[in-house]
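Heads up: the sequence lines are chains A and B, in that order.
Plus 315 on top of the position in the first sequence (first one is 1) and you've got my numbering.
Plus 5 on top of the position in the second sequence (first one is 1) and you've got my numbering.
This report refers to the structure that appears directly beneath it.
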Amino acid sequence: MATGKRYVRFDWLIIFIYIALVAMGWINIYSASLSDSAKGYFDFDQIYGKQMIWIGLSAILIIFVLAIESKFYERFASVIYIASLVLLLGLFIFGRTIAGTTAWYDFGGFSIQPSEFAKAATALALAKYVSDIQTNMEEVRHQVGAFIILALPVVLIIMQPDPGSVLVYAAFVFPLYREGLHGVYLLLGLFAVVLFVSTLAFGAVWVALAILLIAALVFYKNRKKRPSIMKYVLVVAGCIAFAFSVSYIFNNVFKQHHRDRFNIVLGKEVDARGIGYNTHQSEIAIANGGWLGKGWTQGTQTKGNFVPEQHTDYIFSTVGEEWGFVGSMVVILLFVGLITRIVYKAEKQKNQFGRVYGYSVAAILFLHFFVNIGMVTGIFPTVGIPLPFFSYGGSALWGFTILLFIFVKLDGANFHYS
Amino acid sequence: MRKIVLIVLVLFSGALFAARLFYLQVYGTPQGLKQNSAVKVVYDYPQRGYMFDRNMQLMVSNQPSYDVMVIPKDVKPLDTLEFCSLLKITKAEFKNILHKARMYSPRLPSVVIPQLNKADYASLSEKMYKYEGFYIQRRSLREYQVHHSANVLGYIGEVNNSIIEKNPYYQMGDLIGMQGAESEYESVLRGIKGVKYIQKDRFNRDLGPYKDGIYDTLPERGHDIQLTIDARLQKYGKELMVNKHGGIVALEPSSGEILALVTAPSYDPSLLVGRDRSKNFTKLWYDTINKPLYDRGLMGEYPPGSPFKTLTGLIALQEGVIGVDERINCPGGYYYNGRRLMACHGAHGPIAMVHGIAASCNTYFATLYRRIIDKYPTPQEGTDHWKAHLSSFGLGNFLGYDLPSGKRGYIPDAEFYNRWYQYPKYNWYSTATISNSIGQGEVLLTPIQMANFTAAIANRGYYYTPHIIKNIIGPDTIPKKYTEKHLTTIEPQHFEPVIKGMREVYTQGTASFIQIPGIEICGKTGTAENFTKIDGKRVQLTDHSIFVAFAPMDNPKIAIAVFVENGYWGSRWAGRIAGLMIEKYLRGEITRTDMEKYVLEGSLEDEYAKPYSGKPFTINR
């Protein structure tokens with residue numbers, strides 16, 4: 316690799332974790348999709364065989380991504396971003412509809428999901444915008460600019476409609492916060508989530524009462540500072556209005572299947588046969604694993620296809636059943652290790668573009684990791700998004716691979732510049 | 006702060022997931038999550054053992070039964086008309102069945118036609134290939150080669166929850182022996198079921214053996230058993246008891262083997278097999294007049310009447326309170342202080358043991374009874390001694406035979422009379438309990454207990470526990486308790502005069518008109534008063550007819566007790582039946598065809614209808 320002084324040093328730890336996750340993913344996809352008609356490991360009619368092709372092609376993709384000059388990504392970020400928007404737009408004309416969602420281009424034998432690539436494109440565009448010398452995230456005008464960059468793909472994906480993929484764009488709040496977005500946005504978001512969930516769990520009336528009580532307590536505690544009553548009344552009124560509007564939206568805007576998903580996680584409806592079936596079966600499979608699991612391809616729930624979509628979104632339940640607590644923890648630790656390593660490396664970037672992009676990668680991976688495993692273990696509502704590198708699917712694997720290896724390239728080149 | 010928020014969240018999520026996984030997988034798996042719905046246990050049922058009679062004549066075997074099954078999802082368009090004609094149902098019925106099956110489950114098998122007979126099966130099976138989604142499932146049912154002995158053989162039925170709780174071998178839907186030999190020898194007959202673990206998918210379809218069958222076991226066939234019952238004798242007994250209520254118990258004295266155990270009315274065991282099982286069972290269960298499920302030979306407790314006098318005689322001899330030739334005067338009743346305590350059927354004058362039995366003299370045995378009790382300082386001690394002798398004949402308690410139903414009978418003791426007469430506030434003496442001497446009083450025996458003491462007399466002082474198991478084929482054993490000799494408390498020499506008396510019953514006594522030429526039968530007639538309640542009032546019914554006998558006198562081969570409800574005097578029905586049974590068993594044919602005709606054609610149905618008629622009626626006619 317080294318020719319004279321020009322050499323590039325990639326972060327081998329990230330690459331190693333990537334290879335480990337992809338390999339473990341394939342092993343579990345093999346087990347989850349094994350059927351009687353399978354003819355060996357290299358049967359390309361089988362799901363695991365196809366995944367092997369995707370993995371093989373990913374290797375080629377990695378070479379391309381790493382071979383391209385790192386400056387290219389920064390310079391052509393806007394072009395890549397616009398191209399991905401065009402691809403998303405094109406879906407409304409050429410797209411193929413599966414299960415009510417128009418998210419795929421069909422190429423005969425296989426299909427491509429552009430929303431998986433849009434994440435990397437958006438991350439590049441955002442990094443480019445934020446790292447611009449004129450951009451200051453503390454200014455509202457630039458906040459709006461960043462918001463528009465995020466909003467375009469979000470709107471296009473919502474229209475597919477694919478709410479799960481949209482959720483991922485919430486991840487970009489982390490790089491923006493890192494670059495100076497006021498913490499209030501983060502806290503507001505968190506508070507909104509808490510308010511949202513507790514309104515659904517306990518009802519708007521109780522939440523309103525609780526808010527009044529808390530406000531009264533805070534007011535009483537701060538009475539010596541002579542707080543403005545108007546401020547308190549406004550905040551309290553705002554919160555209560557939010558709670559009631561959540562209640563209204565939940566009951567009148569959400570579709571029944573959205574309501575069901577929330578109710579299951581909130582423990583309101585225990586319905587093992589109906590809508591909660593996926594989560595319930597997934598929990599059974601994981602619980603059956605015990606300490607060490609049942610062994611590869613020995614998972615009875617996995618073999619019996621009790622968990623729907625087990626090779627895609629629910630792949631982690633196979634890990635739970637066949638590799639037990641120990642195997643599951645290995646996967647968890649690999650993800651935690653990978654994401655923290657990316658954040659660590661992002662902080663080390665010499666230029667802001669690399670840092671913003673790195674944070675975006677870490678945040679996107681984190682959101683997928685959190686939502687997916689939260690869903691499979693039954694602590695988060697059912698949102699259909701894949702587990703990065705693990706779940707079956709060519710577009711997702713390629714999307715994540717490109718996303719990650721652009722950062723590996725930026726990071727490696729960064730080293731080179733120093 | 007800005008640099009660490011994401012890191013903190015990532016670490017927090019990792020910890021959250023670790024905790025959740027630990028909770029799910031290791032620590033407190035929530036109830037209901039550990040159930041393994043993916044591996045199904047399928048049992049492979051072995052053939053149930055056959056039952057043979059003592060001459061190895063097959064009594065109970067198994068029959069295949071064929072159910073036509075359907076998996077609705079797999080059904081392909083078919084020639085409905087042809088298929089319906091093969092199944093012998095109409096097109097409408099067929100559509101209805103198929104609809105129900107689909108409603109139950111499109112993927113799981115449902116029964117289309119249960120329990121086809123062999124002929125239908127044969128014609129159908131060669132055409133089954135045409136009808137995809139349909140198949141024939143073989144099951145095993147009991148097949149009865151005889152139409153009698155339901156009380157001995159028992160039946161099999163599905164286990165209930167309490168059985169499953171007590172015995173983990175059984176699963177819902179398993180069959181278990183109920184009643185009779187099926188129940189008693191359940192563990193021998195059933196064999197051991199095999200287990201197959203099948204991997205299932207979420208539609209509950211088979212995916213093949215779990216872990217290639219390493220945990221699977223093969224079924225083990227049940228053992229055949231040979232019963233002590235003589236099927237011919239049993240059949241004959243059933244025929245003799247037609248139109249009568251009662252029981253016959255015949256034993257082989259030298260072994261305790263039960264040769265015949267007849268209860269009437271009974272039922273054909275085949276009624277409890279196949280499609281109409283539950284309908285028939287309900288019918289039998291609710292027949293409270295004939296009580297066909299009630300084994301009168303084992304469950305009926307009756308005052309034994311005169312046959313009990315033989316025991317009074319034996320105890321008196323053993324206690325030394327009478328000499329064999331000592332005569333006691335019978336003035337036509339037993340008098341005490343000038344008051345007649347008990348009447349006798351005729352004034353026998355001075356009478357001794359042998360003739361006393363033959364003439365069934367009440368006075369003689371009442372005297373003996375008082376002498377036995379009064380030999381001891383108090384009537385309490387005397388009564389307990391008397392009871393001890395009777396207990397040694399297996400009376401007053403369960404005999405320990407190998408059938409699941411039975412009664413203890415009753416032999417009163419001192420405590421019973423103390424309570425009865427409120428001792429020590431009031432005293433009681435042997436005169437108060439004197440009815441026991443002639444088998445009336447408080448004594449109650451079951452027919453099999455009567456047969457057993459008759460066998461002990463025939464053996465001159467010992468008996469074996471009656472049993473129906475002759476051999477468990479394979480291990481070739483029977484439980485040890487059936488080969489242990491039980492000695493009575495009466496010494497052998499005391500039996501001879503009593504046996505002589507029982508012989509004289511036939512030669513010149515109450516059974517002389519029912520002798521069987523060429524067979525030396527010893528017997529004793531009996532008549533027992535009995536009562537019922539009609540509209541809350543105690544009403545006396547016609548006496549029960551009782552007879553005990555054994556033959557031949559020397560080297561006895563059969564001991565028998567016959568009991569005919571409301572049959573009036575002993576030799577009228579019970580005596581005739583006992584004689585015919587003995588001849589049938591010893592000779593294999595009947596010489597007293599006149600007697601046979603009388604019994605076969607006779608009916609007591611009018612007698613049994615009386616208490617239900619609602620009209621006044623006369624008895625003992």
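The beta-carbon is built from N, C-alpha and C at its ideal position, and this holds for glycine as well.
All of these numbers come straight from a predicted model, not from anything done at the bench.
Alpha carbon to alpha carbon, how far is F325 of chain A from K443 of chain A? Give it in angstroms, no decimals.
-> What you label residue 443 of chain A is simply residue 128 of the first sequence in a count that begins at 1. What you label residue 325 of chain A is simply residue 10 of the first sequence in a count that begins at 1. Roughly 22 Å between the two C-alpha positions.
Starting from the beta carbon of V15 of chain B, find every residue of chain A whose beta carbon is closer than 7 Å, and list them in chain order.
-> Residue 15 of chain B sits at position 10 when you count from the first residue of the second sequence. Those are V651, I654, T655 and F681, listed as they occur along chain A.
Segment contact flag, the region 356 to 374 of chain A with the region 657 to 677 of chain A, C-beta cutoff 8 Å, min 3 pairs = no
Interface residues of chain B facing E384 of chain A [CB-CB closer than 8 Å] | Taking the first residue of the first sequence as 1, we reach residue 384 of chain A at position 69. What E384 of chain A touches in chain B, judged by beta-carbon distance under 8 Å, is nothing: the nearest beta carbon there is about 29 Å away.
Using a cut-off of 9 Å between C-beta atoms, extract the partners of I473 of chain B located in chain A.
-> The count along the second sequence starts at 1 and reaches residue 473 of chain B at position 468. Ordered by position in chain A, no residue passes the 9 Å Cβ test against I473 of chain B, which lies about 47 Å from the chain.
Could you name the residues of chain A that R7 of chain B contacts, counting a contact when the two beta carbons are closer than 7 Å?
-> Your numbering for residue 7 of chain B matches position 2 in the second sequence. Correct list: Y492 and R493.
So, is K485 of chain B buried or exposed, given that buried needs 16 or more other C-beta atoms within 10 angstroms?
-> Within the second sequence, the letter at position 480 stands for residue 485 of chain B. Under this definition K485 of chain B is an exposed residue.
Quick one: what does DSSP say H472 of chain B is sitting in, helix, strand or coil?
-> Numbered from its first residue, the second sequence carries residue 472 of chain B at position 467. H472 of chain B: strand per DSSP, three-state reduction.
What residue from B:A236, B:I551 and B:D221 has the CA that sits closest to V65 of chain B's CA?
-> As a working mapping, residue 65 of chain B is identified with position 60 in the second sequence. The shortest Cα separation from V65 of chain B among B:A236, B:I551 and B:D221 belongs to B:A236.
Report yes or no: is there a C-beta of chain B within less than 8 Å of the C-beta of A602 of chain A?
-> Translated into the one-based positions of the first sequence, residue 602 of chain A becomes position 287. For A602 of chain A, the answer is yes, since a Cβ of chain B falls inside 8 Å of its Cβ.
Opposite D84 of chain B in the DSSP bridges: which residues?
-> Position 79 of the second sequence, counted from the first residue, corresponds to residue 84 of chain B. Bridge partners of D84 of chain B: none, in fact.
Starting from L276 of chain B, follow the beta strand (DSSP E) in both directions and report where the run begins and ends.
-> Taking the first residue of the second sequence as position 1, residue 276 of chain B is located at position 271. Looking at the DSSP string, L276 of chain B is not in any beta strand (DSSP E), and its letter there is neither H nor E.
Which whole-angstrom value describes the C-beta separation of M304 of chain B and A269 of chain B, a residue pair presumed to lie in contact below a C-beta threshold of 8 Å?
-> Along the second sequence, one-based indexing puts residue 304 of chain B at 299. Along the second sequence, one-based indexing puts residue 269 of chain B at 264. Between A269 of chain B and M304 of chain B the Cβ distance is about 13 Å, and since that is not below 8 Å, they are no contact.
Jot down the residue ranges of each uninterrupted beta strand (DSSP E) in the region 294 to 335 of chain B, minimum 3 residues, whole runs only, in chain order.
-> DSSP assignment within the region 294 to 335 of chain B yields the following whole beta strand (DSSP E) runs of 3 residues or more, N-terminal first: 333 to 335.
Touch check for the region 484 to 494 of chain A and the region 7 to 27 of chain B: three-plus C-beta pairs under 8 Å?
-> These segments touch.
Pull out every residue of the region 111 to 132 of chain B whose Cβ sits closer than 9 Å to any Cβ of chain A, in chain order.
-> Contact residues of the region 111 to 132 of chain B toward chain A are absent (C-beta to C-beta distance below 9 Å).
Go through its chain and collect everything with a Cβ distance to I362 of chain A's Cβ below 7 Å, but skip five positions before and after it.
-> Counted from its first residue, the first sequence places residue 362 of chain A at position 47. Closer than 7 Å at Cβ, skipping near neighbours: I344, S348, H626 and Y707.
Find the residues of chain A that neighbour V10 of chain B, judging by a C-beta separation of less than 9 Å, and give them in chain order.
-> Reading the second sequence from its first residue, position 5 is the one you call residue 10 of chain B. The answer, in chain order, is F489, Y492, R493, G498 and L501.
If you measure from the beta carbon of L92 of chain B to each beta carbon in chain A, is any gap under 8 Å?
-> Locating residue 92 of chain B in the second sequence gives position 87, counting from the first residue. So, not an interface residue.
Please classify L400 of chain B: is it buried, with 16 or more other beta-carbons within 10 angstroms of its beta-carbon, or exposed?
-> Here residue 400 of chain B refers to the residue found at position 395 when the second sequence is read from its first residue. Buried, because 16 or more other Cβ atoms sit within 10 Å of the Cβ of L400 of chain B.
For G498 of chain A, collect the residues of the same chain with a Cβ closer than 8 Å to its Cβ; drop the 5 residues on either side in sequence, then sort them by chain order.
-> The residue given as residue 498 of chain A occupies position 183 in the first sequence. Once the five neighbours on either side are set aside, the close Cβ partners of G498 of chain A are Y492.
Tell me, please, whether the region 688 to 705 of chain A touches the region 465 to 474 of chain A by the rule of three or more beta-carbon pairs shorter than 8 Å.
-> They do not touch, by the three-pair rule.
With 16 as the cutoff for other CB atoms within 10 Å, does S167 of chain B come out buried or exposed?
-> Your numbering for residue 167 of chain B matches position 162 in the second sequence. Burial call: exposed.
Name the residue from B:I624, B:D611, B:A614 and B:I587 whose alpha carbon lies nearest to the alpha carbon of E601 of chain B.
-> Residue numbering aside, residue 601 of chain B sits at position 596 when the second sequence is read from its first letter. Nearest of B:I624, B:D611, B:A614 and B:I587 to E601 of chain B, Cα basis: B:I587.
Are G639 of chain A and G614 of chain A touching if we call contact CB-CB under 8 Å?
-> What you label residue 639 of chain A is simply residue 324 of the first sequence in a count that begins at 1. What you label residue 614 of chain A is simply residue 299 of the first sequence in a count that begins at 1. Cβ atoms of G639 of chain A and G614 of chain A: not closer than 8 Å.
DSSP state of C527 of chain B, grouped into three classes?
-> Here residue 527 of chain B refers to the residue found at position 522 of the second sequence. Residue state, collapsed to three classes: strand.
Exposure label - P497 of chain B; buried when at least 16 CB within 10 Å | As a position in the second sequence, residue 497 of chain B is number 492, starting the count at 1. Counting Cβ neighbours within 10 Å, P497 of chain B comes out exposed, since fewer than 16 surround it.
Considering only C-alpha positions, which residue in the set A:L439, A:Q366 and A:T594 is nearest to A398 of chain A?
-> Taking the first sequence and counting its residues from 1, the one referred to as residue 398 of chain A is at position 83. Residue A:L439 is the option with its Cα nearest to A398 of chain A.
Helix, strand or coil for R59 of chain B, going by three-state DSSP, please let me know.
-> As a first step, residue 59 of chain B is located in the second sequence; it is residue number 54 there, counting from the start. In the structure shown, R59 of chain B sits in coil (DSSP, three-state: anything other than H, G, I, E or B).
8 Å Cβ cut-off: residues of chain A touching Q30 of chain B | Mapped onto the second sequence, residue 30 of chain B falls at position 25. What Q30 of chain B touches in chain A: I601, A602, G604, G605, W606, G635, G639, F640 and S643.
Is the CB-CB distance between G338 of chain B and R345 of chain B below 8 Å?
-> Looking up residue 338 of chain B in the second sequence gives position 333. Looking up residue 345 of chain B in the second sequence gives position 340. Yes, the Cβ-Cβ distance between G338 of chain B and R345 of chain B is below 8 Å.
Under three-state DSSP, which class holds V448 of chain B?
-> Start at 1 with the first residue of the second sequence, and residue 448 of chain B comes out as number 443. Coil at V448 of chain B, not helix or strand.
Is the beta carbon of L158 of chain B less than 8 Å from the beta carbon of N67 of chain B?
-> Position 153 of the second sequence holds residue 158 of chain B. Position 62 of the second sequence holds residue 67 of chain B. Result no, Cβ atoms of L158 of chain B and N67 of chain B do not sit closer than 8 Å.
Give me the Cα-Cα distance between R506 of chain A and G213 of chain B, rounded to the nearest whole angstrom.
-> Taking the first sequence and counting its residues from 1, one reaches residue 506 of chain A at position 191. Taking the second sequence and counting its residues from 1, one reaches residue 213 of chain B at position 208. Reading off the sequence, residue 506 of chain A comes out as Phe, not Arg. Going from the Cα of F506 of chain A to the Cα of G213 of chain B covers about 53 Å.
Check the DSSP bridge columns for S66 of chain B and list the partner residues they point to.
-> Walking along the second sequence from the start, residue 66 of chain B turns up at place 61. For S66 of chain B, which the question treats as bridged, DSSP gives the partners B:E148.
Are the beta-carbon atoms of I478 of chain B and D229 of chain B separated by less than 8 Å?
-> Working through the second sequence from its first residue, we reach residue 478 of chain B at position 473. Working through the second sequence from its first residue, we reach residue 229 of chain B at position 224. Yes, they are a contact pair.
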